[in-house]
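A.B. asks: Under the numbering used here, think of the first position of the sequence shown as 18, with each following residue one higher.
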Amino acid sequence: DFTLADLLAPEGYQAGGLAIGAHLSRSLRIAGEELDGAWGGVEFLQNVALGKPPDLAGKRVAVIGGGNTAIDAARTTIRLGASEVNLVYRRTRRDMPAQDLEIQEAEEEGLKMHFLVNPTRIVGNGKVEGLELTVQELGEFDNSARRRPHPIEGSEFVLPVDVVIAAIGQSTGGACLQGCGVESERSSAIKVDRQLATTREGVFAAGDAVLGPATVIEAVAQGNAVAQAVDSYLRGGEPESKDEWLAYREMPLPWNVDDYAEATRPEMPVQAPNVRRHNWQQVELGFSEATCLQECRRCLRCDLEEGELLSMRELVEAPSRGVEEHFDKTTA
Numbered sequence: 018d019f020t021l022a023d024l025l026a027p028e029g030y031q032a033g034g035l036a037i038g039a040h041l042s043r044s045l046r047i048a049g050e051e052l053d054g055a056w057g058g059v060e061f062l063q064n065v066a067l068g069k070p071p072d073l074a075g076k077r078v079a080v081i082g083g084g085n086t087a088i089d090a091a092r093t094t095i096r097l098g099a100s101e102v103n104l105v106y107r108r109t110r111r112d113m114p115a116q117d118l119e120i121q122e123a124e125e126e127g128l129k130m131h132f133l134v135n136p137t138r139i140v141g142n143g144k145v146e147g148l149e150l151t152v153q154e155l156g157e158f159d160n161s162a163r164r165r166p167h168p169i170e171g172s173e174f175v176l177p178v179d180v181v182i183a184a185i186g187q188s189t190g191g192a193c194l195q196g197c198g199v200e201s202e203r204s205s206a207i208k209v210d211r212q213l214a215t216t217r218e219g220v221f222a223a224g225d226a227v228l229g230p231a232t233v234i235e236a237v238a239q240g241n242a243v244a245q246a247v248d249s250y251l252r253g254g255e256p257e258s259k260d261e262w263l264a265y266r267e268m269p270l271p272w273n274v275d276d277y278a279e280a281t282r283p284e285m286p287v288q289a290p291n292v293r294r295h296n297w298q299q300v301e302l303g304f305s306e307a308t309c310l311q312e313c314r315r316c317l318r319c320d321l322e323e324g325e326l327l328s329m330r331e332l333v334e335a336p337s338r339g340v341e342e343h344f345d346k347t348t349a
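(1) Whole angstroms is fine: what's the gap from Gly303's alpha carbon to Phe221's?
(2) Buried or exposed: Ala2, going by 16 or more other Cβ atoms within 10 Å of its Cβ?
(3) For Thr281, does the three-state DSSP call read helix, strand or coil?
(4) How about Cys197 and Ala36: are their beta carbons less than 9 Å apart?
(5) Measuring alpha carbon to alpha carbon, tell me which of Thr281, Pro230, Ile88 ends up nearest Ser188.
(6) Identify whether Ala90 lies in helix, strand or coil by the three-state DSSP scheme.
(7) Which two residues bound the contiguous alpha helix (DSSP H) that contains Ala123?
(8) By the 10 Å Cβ neighbour count, where 16 or more other Cβ atoms means buried, how is Ser44 classified, buried or exposed?
(9) Between Phe158, Glu124, Glu149, which has its C-alpha nearest Ser172's C-alpha?
(10) Would you grab the beta carbon distance between Ser100 and Gly75 for me? Rounded to a whole angstrom, and I think it's under 8 Å.
(11) Drop a sphere of 10 angstroms on the beta-carbon of Ala289, count the other beta-carbons inside from all chains shown, and report buried for 16 or more, exposed for fewer.
(12) Under 9 Å, do Gly54 and Ala184 count as touching if we go by C-beta distance?
(13) Within a Cβ cutoff of 8 Å, which residues of the same chain sit near Ala236, ignoring the five residues on either side of it in sequence?
(14) Does the contact criterion of 3 or more C-beta pairs under 8 Å hold for the segment 118–130 versus the segment 89–105?
(15) From the DSSP output, read off the bridge partner residues of Trp56.
(16) Which residue wins for smallest C-alpha separation from Val152, given the options Glu146, Leu176, Asp159?
(17) Apart from the five residues on each side of it in sequence, which residues of its chain come closer than 7 Å, Cβ to Cβ, to Ala350?
(18) Inspect the beta-carbon positions of Ile95 and Arg110 and report whether they are closer than 9 Å.
(19) Taking the alpha-carbon of Glu170 as reference, which of Ser204, Asn135, Arg164, Glu202 has the nearest alpha-carbon?
(20) Could you tell me the distance, in whole angstroms, from the CA atom of Ile139 to the CA atom of Asn291?
(21) Comparing C-alpha positions only, which one of Met268, Pro269, Ala214 sits nearest to Gln245?
(22) What span of residues does the beta strand (DSSP E) with Glu149 cover, start to end?
(23) Pull up the distance between the alpha-carbon of Met113 and that of Gly38, whole angstroms please.
(24) Would you kindly check if the distance between the Cβ of Glu312 and the Cβ of Arg282 is under 9 Å?
Laid out in structure tokens, this is it:
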């Protein structure tokens, strides 16, 4: 094994980038997390994927969280034979970050939703026997543009369950960074400046370790930004402003789409809820050939005029020319 200090020793590398991800479940920080039957959502899903699923036949489960990981964990426990699966979320359904379709399909499969409740402790003697919840009321708006939940005093009650799965977020597990001069935020994300430089000289960071669990394309974009920042650092120059790398411009469409026929998106056929909850097959069954052909015709009827196709191509290849320059040329 080697450390960051080993890599950046005087005879080693002059700069480096950290992309260690956010692959650990975030702790609930409540009493009872050490009990048998209290698990993290990421670790639970990982074990199932690796062919090591727990025996949940006939057990009552509570999944804490409102994101896609929470929904994935809940739907997985249903397929593992749990007799009752509850989703516990401290805000309302409209505030859930999970995809609407995933939420709907989970409900169809039998998931019970509990909104405006927050866990305060896991109850049990050696193993999980229940989850104590406190009813919440919504107050002022926070930085996420959602109303902040506040506990209602004296509203505690216990939900009888055998398993508790926490899926409230993910962390980097930054134990590997302790003592190396790279500081973390309170959320465990690595602290970086506008050029993605960490608090240690010559060390940069990107991806979920900085953003928290996000999308692949966001991680790729930050990876490219870090590569440019490291290159500038090694050359002795100041890295370009990150804002310049991520600049966006609004440009009007050079064609009118109002005259195109409207066609609705075909509904994807899926397995019936009472069937799919007992198997691991793909939920979506796919389109028939006839539906696929109809769907292909839905893209603006594919009858753009030659000039419109040209303008689309030019905007992609050289957007800096601007729409006005294109029309000056094509209408001359």
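Heads up, the beta-carbon is just placed ideally off N, CA and C, and yes, glycines get one too.
C.D. replies: Checking against the coordinates, here is how it stands:
(1) 43 Å
(2) Limits of the chain in this structure are 18 at one end and 349 at the other, which puts residue 2 out of reach.
(3) coil
(4) no
(5) Pro230
(6) helix
(7) 117–125
(8) exposed
(9) Glu149
(10) 5 Å
(11) exposed
(12) no
(13) Ala36, Ala223, Gly224, Asp225, Leu228
(14) yes
(15) Ile182
(16) Leu176
(17) Outside the displayed span of the chain (18 to 349) sits residue 350, for which this structure offers no information.
(18) no
(19) Asn135
(20) 31 Å
(21) Ala214
(22) 145–158
(23) 23 Å
(24) yes
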